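Asks: Below are the structure tokens for one structure; questions will follow.
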Amino acid sequence: MTVEGRRADKAAFCEALSRFASGVTVVSACGPSGRVGFTATGFSSASLAPPLILVCVGKSASAHDGVVGAELFGVSVLSEMQVGIAEQFARRGGDRFEGVTLRPGPVPLVEGALVHLVCGAYARHDAGDHSILVGEVLDCSVARGRPLVHFMRRFTRADDGEASCLSAV
Ligand SMILES: Cc1cc2nc3c(=O)[nH]c(=O)nc-3n(C[C@H](O)[C@H](O)[C@H](O)COP(=O)(O)O)c2cc1C
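The opening position of the sequence shown corresponds to residue 11 in the working numbering, with each subsequent residue numbered one higher.
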């Protein structure tokens, strides 16, 4: 594998990254023109002290300015029961919040999610065709259930049966 003067081919890059199994979130905020939100797998923990997370927001996404410009935003980590919500918040056009039950609070959080985070905007970074929004977690809560997983461009389930536990850390 030589890397000098090279950049991975886009299709090879996408193929490689599709093998990185991830949870699925809905990132949302109250923008100047109303609620905005989108499905995101570009989410990660970033720091323990202070408690920081990051989300990658496409610059061409309709929700970009509303989310990246907000002082507060929310992250809902979806459960395996919420594949319909993941699809709805990724769909172009229409009201993504239609028919979705939200938690009362300062940011729109999806009811029934496994994890709810309320974040304050901590830093914003440029990253190619995305912005990296770093959020300081101001409030968080968890619920019982299993996560929705995205792997090889498909929504799937985590098999957390005892027989499949390889190691616990
Ligand atoms: C599984 C999945 C993961 C996604 N992850 C991200 C992400 O991390 N960041 C992002 O900006 N868009 C992500 N998207 C795309 C958005 O959900 C949405 O489709 C995109 O912002 C286009 O929205 P628009 O038509 O309103 O501009 C993802 C879509 C899917 C289906």
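C-beta: ideal position from N, C-alpha, C; glycine also. What you are looking at is a predicted structure, and each value in this text was computed from that prediction instead of being measured.
Please identify the residue among 161, 122, 178 and 169 whose C-alpha is closest to the C-alpha of residue 27.
Replies: Of the candidates 161, 122, 178 and 169, the one whose C-alpha sits nearest the C-alpha of residue 27 is 161.
Asks: Between residue 102 and ligand 1, is the CB less than 7 Å from at least one heavy atom?
Replies: Under cutoff, so the answer is yes.
Asks: With hydrogens ignored, establish whether the beta-carbon of residue 110 is closer than 7 Å to any heavy atom of ligand 1.
Replies: Checking every heavy atom of ligand 1 against the Cβ of residue 110, none is found closer than 7 Å.
Asks: Sorted by chain position, which residues of the same chain lie with C-beta nearer than 6 Å to residue 64's C-beta, five sequence neighbours on each side aside?
Replies: These residues qualify, in order along the chain: 54, 56, 142 and 144.
Asks: Please confirm whether any heavy atom of ligand 1 lies closer than 7 Å to the CB of residue 24.
Replies: For ligand 1, not one heavy atom lies less than 7 Å from the Cβ of residue 24.
Asks: Give me the DSSP bridge partner(s) of residue 146.
Replies: 62 and 130, per the DSSP bridge assignment.
Asks: Work out the CA separation of residue 140 and residue 68 for me, nearest whole Å.
Replies: Each residue's alpha carbon lies about 4 Å from the other.
Asks: How long is the line joining the alpha carbons of residue 77 and residue 39, rounded to whole angstroms?
Replies: Distance between the alpha carbons of residue 77 and residue 39 is about 5 Å.
Asks: If you run the structure through DSSP and keep just helix, strand and coil, what is residue 94?
Replies: Here residue 94 sits in helix by DSSP.
Asks: Cα-Cα, which of 127, 159, 178 and 99 is closest to residue 109?
Replies: Of the candidates 127, 159, 178 and 99, the one whose C-alpha sits nearest the C-alpha of residue 109 is 99.
Asks: Using a Cβ distance threshold of 8 Å, determine whether the segment 116 to 135 contacts the segment 88 to 95, with at least three qualifying pairs required.
Replies: They touch, by the three-pair rule.
Asks: Can you tell me which of the three DSSP states residue 165 falls into?
Replies: Residue state, collapsed to three classes: strand.
Asks: If you draw a straight line from the C-alpha of residue 152 to the C-alpha of residue 51, how long is it?
Replies: So the alpha carbons of these two residues sit roughly 18 Å apart.
Asks: Taking the Cβ atom as the reference point for each residue, do residue 133 and residue 81 lie within a distance shorter than 8 Å?
Replies: Going by C-beta atoms, residue 133 is not nearer than 8 Å to residue 81.
Asks: With respect to 7 Å, is the separation between the Cβ of residue 34 and the closest non-hydrogen atom of ligand 1 below this value?
Replies: Yes, ligand 1 has a heavy atom inside 7 Å of this Cβ.
Asks: Would you kindly report the start and end of the unbroken alpha helix (DSSP H) that includes residue 22?
Replies: Residue 22 -> alpha helix (DSSP H) spans 20 to 27.
Asks: Can you tell which of 20, 85 and 32 has the C-alpha that lies nearest to the C-alpha of residue 47?
Replies: The residue with the shortest Cα to Cα distance from residue 47 is 85.
Asks: Give the range of the beta strand (DSSP E) segment to which residue 78 is assigned.
Replies: Not the beta strand (DSSP E): residue 78 falls in the alpha helix (DSSP H), residues 74 to 78.
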